[in-house]
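A.B. asks: Numbered according to the numbering used here, the sequence shown spans residues 45 to 510.
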Amino acid sequence: MKPHRPSKVTPTTINQDGSRFFIHPADVQGFFTRWRRMFALLLIGIYVLLPWIPINGNPAVFLDVINRRFHLFGLTFVAQDLWMAFFFITGLGFSLFFVTALFGRIWCGWACPHTVFLEHVYRRIERWIEGDATARRKLDAAPWDSEKITKVALKNAIFVCISAAIAHLFLAYFVSIPELYRWMTTSPTEHWGAFVFMFVATAIIYFNFAWFREQLCLIICPYGRLQSALIDDDSIIIGYDAGRGEPRGPAKKEGFGDCINCYRCVQVCPTGIDIRQGLQMECVGCANCIDACDTIMNKLSRPRGLIRYDSQAGLNGQRRRIIRPRIFIYGALMLAGAAAFTLSALQLRSANMNIVRMTGAPYYVTDTSVRNQYMVRVINKSNKERTFSLMATAEGQSYRLEGNESGIIVAAMGEEVRPVIITIAREDYLGRFPIEFTLIDPEGKDILRREAEFLGPNPQLLNAQP
Ligand code: SF4
Ligand code: SF4
45 MKPHRPSKVT PTTINQDGSR FFIHPADVQG FFTRWRRMFA LLLIGIYVLL
95 PWIPINGNPA VFLDVINRRF HLFGLTFVAQ DLWMAFFFIT GLGFSLFFVT
145 ALFGRIWCGW ACPHTVFLEH VYRRIERWIE GDATARRKLD AAPWDSEKIT
195 KVALKNAIFV CISAAIAHLF LAYFVSIPEL YRWMTTSPTE HWGAFVFMFV
245 ATAIIYFNFA WFREQLCLII CPYGRLQSAL IDDDSIIIGY DAGRGEPRGP
295 AKKEGFGDCI NCYRCVQVCP TGIDIRQGLQ MECVGCANCI DACDTIMNKL
345 SRPRGLIRYD SQAGLNGQRR RIIRPRIFIY GALMLAGAAA FTLSALQLRS
395 ANMNIVRMTG APYYVTDTSV RNQYMVRVIN KSNKERTFSL MATAEGQSYR
445 LEGNESGIIV AAMGEEVRPV IITIAREDYL GRFPIEFTLI DPEGKDILRR
495 EAEFLGPNPQ LLNAQP
C-alpha cells in the first residue's frame with residue numbers, strides 16, 4: 045500500500061480529489077506515551093468521579109442550571125454570584141495564554157478532553173478490534189465480508205456505548221447522579237427534553253470520535269490558530285533538530301545527518317503531518333513523533349532527541365530563554381484573575397439576600413403614618429432548612445418593622461420572597477432617609493447587609509395636611 049506522504053502545500057487529511065484522507069496513525073511506545081497514558085487515566089478518573097464525590101452535601105461539581113445553583117468543590121454560587129465567573133473565566137483564559145507561551149500546545153497533547161478520549165479510549169479500542177495501522181487500512185479497503193462487518197459492527201457498538209456513557213456523565217454535572225439515575229430508570233416520556241439532549245449528545249460524541257477525529261482540531265478548534273500569536277521563539281514546542289538531522293539519508297552511508305528518512309514520525313502522527321517541515325498549526329503537541337524517533341535513534345545507537353521538546357531558539361542552536369516579557373505579562377494577568385476570584389470566593393456566604401421596593405406606589409400615607417413596602421428575597425445555599433431573622437436600622441429614626449415576626453424560614457437550597465413593611469408615625473417623619481436591612485442566619489455567623497431608602501412626601505406638605 046502506498047505510504048501517505050504529507051505535502052507542504054495541501055492539508056494532510058485531504059486527497060488530491062478533495063475527498064477525506066482518513067488517518068490511521070501507527071501505534072507508538074515510549075517515555076512520553078507512557079506518561080500521557082497515565083495522565084489521561086487520571087483525567088478520565090476525575091471526570092467520572094467528580095459528580096459522585098460529595099463535598100458539603102453536594103457533588104464536587106454540580107452546575108444546577110435549572111435552579112440557578114452552581115456547586116464547585118464545596119462552594120455554592122447562585123445567579124447573583126455569577127459576576128465572579130468573569131474573574132474565573134479571565135483567569136482561566138490567561139492561564140492558557142501563560143501555559144502556551146511557556147510550553148506551546150501542551151494542553152492539546154496532554155489534557156484536552158478531545159485528545160484524551162480519542163487517543164486513550166477510542167483509538168485503543170479500534171486497535172484492539174481492527175489491529176495496527178496497516179491492518180486498519182487494509183480493512184478499510186477490503187470488501188464487506190463477514191469479518192469486516194463483524195469488526196466494524198463490534199467497534200461501533202462499543203463506540204456508541206462509550207459515547208452514551210460520556211454523554212450521561214456530562215449530563216450528571218448539570219442534574220446530579222440521583223436525578224440522572226431517576227431519568228434513566230423511568231420512561232423517556234416523563235423527561236423528553238433530557239432524553240433528546242442525551243440522544244443528540246451521544247450522536248455528536250460518537251460522530252466526533254468515530255469519524256471526525258483530528259478534523260475537530262484542524263477545522264473547528266480556534267486554539268491552534270491562536271498558537272502563532274501566543275508563542276515565540278523561546279516557547280517550548282515539539283520540534284525537529286534540522287541541524288542534526290539534515291541532510292537525511294541512509295544510516296549506513298557517510299555524509300548524512302541523523303535522520304534516516306524512515307517516516308516513522310509521520311506514521312505515528314494523529315494529524316498526519318511531517319514535523320520535519322517545522323512547527324505547523326496542525327501539530328497538537330502529542331509527542332508521538334518524539335517517542336517514534338527516539339525508538340529509531342535507540343536502534344541506531346544514536347543520541348535521542350532528534351525530535352524533542354525544545355524552543356525554536358534551542359533547535360536552531362541559539363540560547364534558550366524561559367523568562368521573557370510575555371511570560372511576566374500573561375503570568376501577572378493570570379495571577380490577577382486567580383487572586384480576584386479567590387478573594388471574591390472568600391466573601392461567599394451561605395445565604396443571599398436582595399431587597400427591592402414593591403411595585404406600585406413608592407409609599408403610603410395614612411391618617412397616622414407613612415409606610416414603605418419592600419420585597420425581601422432570601423436564598424438559602426445550605427442543605428438544611430434555616431430560619432433567618434431580619435432587622436432594619438435607620439439612625440435617629442423611630443419606626444416599626446413588620447413581616448419578620450417569626451423569622452424567615454427558607455427550605456434547603458430554596459428561596460423565600462417575603463413582603464416587609466416599615467412604618468413611621470406621621471409626626472416622626474422628617475423626610476426620606478436611608479435604612480439598612482440586616483439578615484442574620486440561625487447560627488449568627490453569616491450577616492448580610494443591604495441598603496434601601498425610606499421614601500415619603502415632602503414633610504412640610506405632609507404636616508400642612510389635616
Ligand atoms: S522518525 Fe526520526 S529518523 Fe525517522 S524520519 Fe522521523 S525524524 Fe527522521
Ligand atoms: S507532529 Fe508530532 S507532536 Fe505534532 S501532532 Fe504530529 S506526532 Fe504529535
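Even glycine gets a Cβ: it sits at the ideal position worked out from N, Cα and C.
As the structure is a computational prediction, the values presented were derived from the model and not from experiment.
1. Would you say the beta carbon of Ala336 comes nearer than 6 Å to a heavy atom of ligand 1?
2. Under a three-way DSSP split, which group does Thr467 fall into?
3. With a cut-off of 8 Å, do at least 3 Cβ pairs link the stretch 127-144 to the stretch 249-261?
4. How many Å lie between Lys297 and Cys303 at the Cα?
5. Which residues does DSSP list as the beta-bridge partners of His164?
6. How big is the Cα-Cα spacing for Ile110 and Ser442?
7. Check whether the stretch 471-489 touches the stretch 427-438, taking contact to mean three or more Cβ pairs, one atom from each stretch, closer than 8 Å.
8. If I measure Cβ to Cβ from Lys46 and keep anything under 6 Å in the same chain, skipping five residues before and after, which residues do I get?
9. On the DSSP bridge assignment, give the partners of Arg444 in chain order.
10. Considering only residues of the same chain and omitting the five flanking positions on each side of Gln271, which have a CB-CB separation below 8 Å?
11. Could you spell out where the beta strand (DSSP E) holding Val196 opens and where it closes?
12. Does Lys91 come out as helix, strand or coil in the three-state DSSP assignment?
13. Which of helix, strand or coil does DSSP assign to Gly289?
14. How many Å lie between Gly62 and Thr56 at the Cα?
15. If you pair each beta-carbon of the stretch 206-220 with each one of the stretch 172-189, do three or more pairs fall below 8 Å?
16. Considering Gln356, what are the terminal residues of the alpha helix (DSSP H) in which it resides?
17. Residue range of the alpha helix (DSSP H) that Ser139 falls in?
18. Quick one, are the C-beta atoms of Gly268 and Leu350 less than 7 Å apart?
19. Does DSSP put Ala238 in a helix, a strand or coil?
20. For Thr233, list the residues DSSP reports as bridge partners.
21. State yes or no: is the C-beta of Gly381 within less than 7 Å of the C-beta of Thr178?
22. Mind checking whether the beta-carbon of Val72 lies closer than 6 Å to any heavy atom of ligand 2?
23. Quick check: Leu492 and Met397, are their CB atoms within less than 7 Å of each other?
24. Bridge partners for Met419 per DSSP, in chain order?
25. Report yes or no: do three or more beta-carbon pairs, one from the stretch 450-459 and one from the stretch 404-417, lie closer than 8 Å?
26. Sort Arg308, Phe241 and Ile58 by Cα distance to Asp338 and report the nearest one.
27. Check whether the Cβ atoms of Ile466 and Leu445 lie closer than 7 Å to each other.
28. Helix, strand or coil for His115, going by three-state DSSP, please let me know.
29. Classify Glu163: buried if its beta carbon has 16 or more other beta carbons within 10 angstroms, exposed otherwise.
30. Would you identify the three-state DSSP class for Leu474, choosing helix, strand or coil?
31. Is Asp285 near Leu359, with beta carbons less than 7 Å apart?
32. Nearer than 6 Å: is that true of the beta carbon of Ile340 relative to any heavy atom of ligand 1?
33. Would you check whether ligand 2 has a heavy atom nearer than 6 Å to the C-beta of Thr315?
34. If you reduce the DSSP assignment to three classes, tell me which class Ser388 lands in.
35. Measure the alpha-carbon distance for Ile97 versus Ala104 and round it to whole angstroms.
36. Please determine if the stretch 224-243 and the stretch 124-132 are in contact, where contact requires at least 3 C-beta pairs separated by less than 8 Å.
C.D. replies: According to the data block:
1. Position 292 of the sequence shown, counted from the start, is the residue given in the question as residue 336. Yes, since a heavy atom of ligand 1 falls inside the 6 Å radius drawn around the Cβ of Ala336.
2. Translated into positions along the sequence shown, residue 467 becomes position 423. DSSP places Thr467 in strand when its eight states are reduced to three.
3. These segments do not touch.
4. Walking along the sequence shown from the start, residue 297 turns up at place 253. Walking along the sequence shown from the start, residue 303 turns up at place 259. Spanning the alpha carbons of Lys297 and Cys303 requires a straight line of approximately 12 Å.
5. For the purposes of this step, residue 164 is taken as the residue at position 120 of the sequence shown. The partner list for His164 (beta bridge, DSSP) is empty, contrary to what the question assumes.
6. Indexing the sequence shown from 1 puts residue 110 at position 66. Indexing the sequence shown from 1 puts residue 442 at position 398. Here the C-alpha atom of Ile110 lies approximately 43 Å from the C-alpha atom of Ser442.
7. Yes: the two stretches touch, three or more of their Cβ pairs being nearer than 8 Å.
8. Reading the sequence shown from its first residue, position 2 is the one you call residue 46. With a pLDDT of only 48 at Lys46, under 50, the local geometry of the prediction cannot be trusted, and the value read off the model is given with reservation. So the list is empty, once near-sequence residues are dropped.
9. Here residue 444 refers to the residue found at position 400 when the sequence shown is read from its first residue. Looking at the DSSP output, Arg444 shares a beta bridge with Thr467.
10. In the sequence shown, the residue the question calls residue 271 occupies position 227. Cβ neighbours of Gln271 beyond the five flanking positions: Thr144, Gly148, Arg149 and Met325.
11. Taking the first residue of the sequence shown as 1, we reach residue 196 at position 152. Run containing Val196: none in the beta strand (DSSP E); it sits in the alpha helix (DSSP H), Ser190 to Val219.
12. Reading the sequence shown from its first residue, position 47 is the one you call residue 91. The question names Lys, yet the displayed sequence has Tyr at residue 91. The answer is helix: DSSP assigns Tyr91 an H, G or I state.
13. By 1-based counting over the sequence shown, the position of residue 289 is 245. Secondary structure at Gly289: helix, using DSSP grouped into helix, strand and coil.
14. Along the sequence shown, one-based indexing puts residue 62 at 18. Along the sequence shown, one-based indexing puts residue 56 at 12. A straight line joining the alpha-carbon of Gly62 with that of Thr56 spans about 11 Å.
15. By the criterion of at least three beta-carbon pairs nearer than 8 Å, the stretch 206-220 is not in contact with the stretch 172-189.
16. The residue given as residue 356 occupies position 312 in the sequence shown. Gln356 to Leu359 is the span of the alpha helix (DSSP H), which, as asked, contains Gln356.
17. Here residue 139 refers to the residue found at position 95 when the sequence shown is read from its first residue. From DSSP, the alpha helix (DSSP H) with Ser139 extends over Met128 to Phe147.
18. As a position in the sequence shown, residue 268 is number 224, starting the count at 1. As a position in the sequence shown, residue 350 is number 306, starting the count at 1. Cβ atoms of Gly268 and Leu350: not closer than 7 Å.
19. Residue mapping note: residue 238 aligns to position 194 of the sequence shown, counting from 1. The answer is helix: DSSP assigns Ala238 an H, G or I state.
20. For the purposes of this step, residue 233 is taken as residue 189 along the sequence shown, with counting starting at 1. Bridge partners of Thr233: none, in fact.
21. The residue you call residue 381 lines up with position 337 of the sequence shown. The residue you call residue 178 lines up with position 134 of the sequence shown. No.
22. In the sequence shown, the residue the question calls residue 72 occupies position 28. No, Cβ of Val72 sits at least 6 Å from all heavy atoms of ligand 2.
23. As a first step, residue 492 is located in the sequence shown; it is residue number 448 there, counting from the start. As a first step, residue 397 is located in the sequence shown; it is residue number 353 there, counting from the start. Closer than 7 Å, so yes.
24. Reading the sequence shown from its first residue, position 375 is the one you call residue 419. DSSP lists Val400 and Pro463 as partners of Met419.
25. Too few Cβ pairs lie closer than 8 Å, so no.
26. Against the sequence shown, residue 338 aligns to sequence position 294. Of the residues Arg308, Phe241 and Ile58, the one whose Cα lies closest to the Cα of Asp338 is Arg308.
27. Indexing the sequence shown from 1 puts residue 466 at position 422. Indexing the sequence shown from 1 puts residue 445 at position 401. Note that the C-beta distance between Ile466 and Leu445 is below 7 Å.
28. Sequence index remark: in the sequence shown, residue 115 carries index 71 (1-based). Three-state DSSP puts His115 in a strand.
29. Your numbering for residue 163 matches position 119 in the sequence shown. Glu163 should be labelled buried.
30. Locating residue 474 in the sequence shown gives position 430, counting from the first residue. In the three-state scheme derived from DSSP, where H, G and I count as helix and E and B as strand, Leu474 is classed as coil.
31. If you number the sequence shown from 1, residue 285 lands on position 241. If you number the sequence shown from 1, residue 359 lands on position 315. Against a cut-off of 7 Å, the Cβ pair of Leu359 and Asp285 comes out as a contact.
32. Counted from its first residue, the sequence shown places residue 340 at position 296. Yes, the Cβ of Ile340 comes within 6 Å of a heavy atom of ligand 1.
33. Position 271 of the sequence shown holds residue 315. Flag set: Cβ of Thr315 near ligand 2.
34. For the purposes of this step, residue 388 is taken as the residue at position 344 of the sequence shown. In the structure shown, Ser388 sits in a helix (DSSP, three-state: H, G or I).
35. Within the sequence shown, the letter at position 53 stands for residue 97. Within the sequence shown, the letter at position 60 stands for residue 104. Between Ile97 and Ala104, the alpha-carbon positions lie close to 6 Å from each other.
36. The stretch 224-243, when compared against the stretch 124-132, does not touch it at the 8 Å Cβ threshold.
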